[in-house]
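The structure appears right after this line, and notes come after that.
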Amino acid sequence: LFMARRIAQENADELQALIHKRYKLRRSVLITSNRVIADWDAYLGDTALATTILDRLMHRSVLAEFQGRSYRLREAAGRLAKDLDND
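Here my numbering is used: the first residue of the sequence shown is 21, the next is one more, and so on.
Laid out in C-alpha cells, this is it:
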C-alpha cells in the first residue's frame with residue numbers, strides 16, 4: 021500500500037528520481053493510495069520534495085478520486101452475518 025506509513029528520506033528521493041525520469045520521458049505512472057494529496061508532504065517528510073513529485077504527477081494527468089465505504093469491510097460484514105445465520 022503506497023504511503024501506508026511515512027517513507028524514509030532515501031526512498032522518497034528515489035521516488036522523486038523515478039517520477040522525474042518518467043515525466044521527462046513522457047511515460048505513464050499509475051499510483052493508488054488512500055492518502056489525500058494534501059497529506060503527501062507529511063508522508064514524504066519534505067514539503068519541497070512532495071511538491072516536486074506532485075507537480076510532475078499532476079501535470080498531464082487524470083485523477084480518479086473515489087469516496088465511500090470500504091468494499092472489504094462490507095464483504096466481511098456480509099460473511100459475518102451469513103455465518104451468524106448458519107449458527
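Here a beta-carbon is modelled for each residue, glycine too, at the ideal position from N, C-alpha and C.
Under 8 Å by Cβ, that's how I've got glutamine 77 and isoleucine 27 pegged, so tell me the actual separation to the nearest angstrom.
The amino acid at residue 77 is misidentified as glutamine; the sequence shows leucine. The Cβ separation is near 15 Å, so there is no contact.
Applying the criterion that 16 or more other CB atoms from any shown protein chain within 10 Å of the CB defines a buried residue, is isoleucine 117 buried or exposed?
Residue 117 lies beyond the range of the chain shown here (21 to 107); nothing can be said about it.
Are the beta-carbon atoms of alanine 32 and leucine 69 separated by less than 8 Å?
yes
Judging by CA-CA distance, which residue of Gln29, Ile39, Ala37 is the nearest neighbour of alanine 62?
Gln29
I'd like to check one pair, serine 48 with methionine 23: are the Cβ atoms closer than 8 Å?
no
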